[in-house]
Amino acid sequence: MNFQGKSFLKLLDFTSQEVAYLVDFAIHLKALKKNHIPHEYLKGQNIALLFEKSSTRTRAAFTVAVSDLGGHPEYLGANDIQLGKKESVVDTAKVLGSMFDGIEYRGFSQEAVEALAANSGVPVWNGLTDDWHPTQMIADFMTIKEIFGQLKGLTLVYLGDGRNNMANSLMVAGAKLGVNITIASTPSLQPDPKIVAAAQVVAEDTGAVITITDDPIAAVKPADIIYTDVWVSMGEEDKFEERINLLMSYQVNADLLAHVENPDFIFLHCLPAFHDTETQYGQKVAAQYGYTEMEVTDEVFQAPYAKQFQQAENRLHSIKAIMAATNGNLFCPEV
Ligand code: CP
Ligand code: NVA
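Per our numbering, residue 219 is the first one in the sequence shown, and the count goes up by one each step.
What follows is the structure in structure tokens.
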């Protein structure tokens, strides 16, 4: 298949071989960057970066990636453009598609990013919706491959909010790449059975095992990778109390990690993380509920096995791979 001209909206739209190719291409582009070898596959292109939600990594990665690829990034924030307030997604798509060569979109609904792709006539890249975070997956599995040397047969255990964009994306990405995925969460926050079923269909081809459980200790035992995410995603900021009550027994802390059998396991987190009180929300939670750490303790976050900053850097290289493969002037072999 040819990546050219294709949008990157969710991993279910790509084959296992294509997802694996993007991981390897990202590793290659990282080596080019480290060796100061130019890779201007988007030379002369203008790329729109639409952000309806906040971002540090995704915004920074897209901006630097477009520049490194020889293009021009233009940030269009929620308060900068008419989208949503005075103009529909479809009309916005037509206008931006007539001026830009590609569009990144971070927002709430998956339908919006799908509508942008259907109506703009240019590749659209999903920078996170309530349902999926596909660019994050290429960075995450790139990081895992850098550290373990391969992917197939590894076991990733995700603890926390099991029905958010990260849990959904990890199940599908793991299934595509042959990595076993366990989601450990309280029953009311376990994944949508439809998404589990979709991941399981994919997993039949790769041999990955998808497990859903409410037992954090049994879950972490076979883990090679321990993963967590915030308990309250963007747009849910009124839910701190509820989530703390539901998820405290899924906190990634030293006591829990003592049950992991592989001495060479790693910890990953897509970030941002609530591991101390150095944030406004962290301080509010400490004052109101007495907890100074949420989904991960500071001890774990600062440990040598915690690779979240290598993972964060890899957002740059992986986003570059996604944009170059879908919209770049380059040859992509049949995969
Ligand atoms: N991981 C991630 O998407 O980070 P940002 O929200 O800072 O972009
Ligand atoms: N689940 C989180 C991911 C942040 C990268 C959120 O949607 O806020």
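Heads up, the beta-carbon is just placed ideally off N, CA and C, and yes, glycines get one too.
In the three-state DSSP reduction, GLU455 falls in the helix class (H, G or I).
Judged by the Cβ position, LEU314 fails to qualify as a neighbour of ligand 1 at the 7 angstroms threshold, every heavy atom of the ligand being at least this far.
In this chain, the beta strand (DSSP E) harbouring ASN264 covers 264-269. Set against 7 angstroms, the gap from the CB of LEU346 to the closest heavy atom of ligand 2 is smaller. Burial is judged here by how many other beta carbons sit within 10 angstroms of a residue's own beta carbon; TYR468 has at least 16 and is buried. Rounded to whole angstroms, PRO522 and LEU388 show a C-alpha spacing of 23 angstroms. Annotation: TYR509 is outside any beta strand (DSSP E) and is labelled neither H nor E by DSSP. CA-CA distance, ASP358 to SER316, rounds to 33 angstroms. Taking C-beta separations shorter than 7 angstroms and ignoring five residues to either side along the sequence, the partners of LEU534 in its chain run ALA279, VAL282 and ALA283, following chain order.
Annotation for PRO291: the continuous beta strand (DSSP E) segment containing it runs 290-295. Per the coordinates, the alpha-carbon of LYS525 lies some 9 angstroms from the alpha-carbon of PHE519. Going by DSSP, HIS487 is part of no alpha helix (DSSP H) but of the beta strand (DSSP E) stretching over 484-487.
Of GLY289, ASP286 and PHE326, the smallest CA-CA separation from GLY302 is found for PHE326. Under a 10 Å Cβ-count criterion, PHE485 is classified as buried, with 16 or more other Cβ atoms of the shown protein chains found around its own Cβ. Between VAL375 and ALA437, the gap from beta carbon to beta carbon is short of 8 angstroms. With contact defined as three or more Cβ pairs closer than 8 angstroms, the segment 406-423 and the segment 366-382 are in contact. Collapsing the DSSP output to three states places GLU552 in coil.
In the structure shown, the three-state DSSP call for TYR259 is coil. For ARG324, the uninterrupted beta strand (DSSP E) segment begins and ends at 320-324.
THR510 and LYS252 have their C-alpha atoms spaced approximately 38 angstroms apart. Per DSSP, THR353 has no beta-bridge partner at all. Within the same chain, and ignoring the five residues on either side of LEU250 in sequence, the residues whose Cβ sits closer than 6 angstroms to its Cβ are HIS257. Of ALA441, ASP516 and GLU513, the smallest CA-CA separation from PRO481 is found for ALA441.
Per DSSP, THR544 is one residue of the alpha helix (DSSP H) stretching across 526-545. Under DSSP, LEU475 takes part in no beta bridge, so it has no partner.
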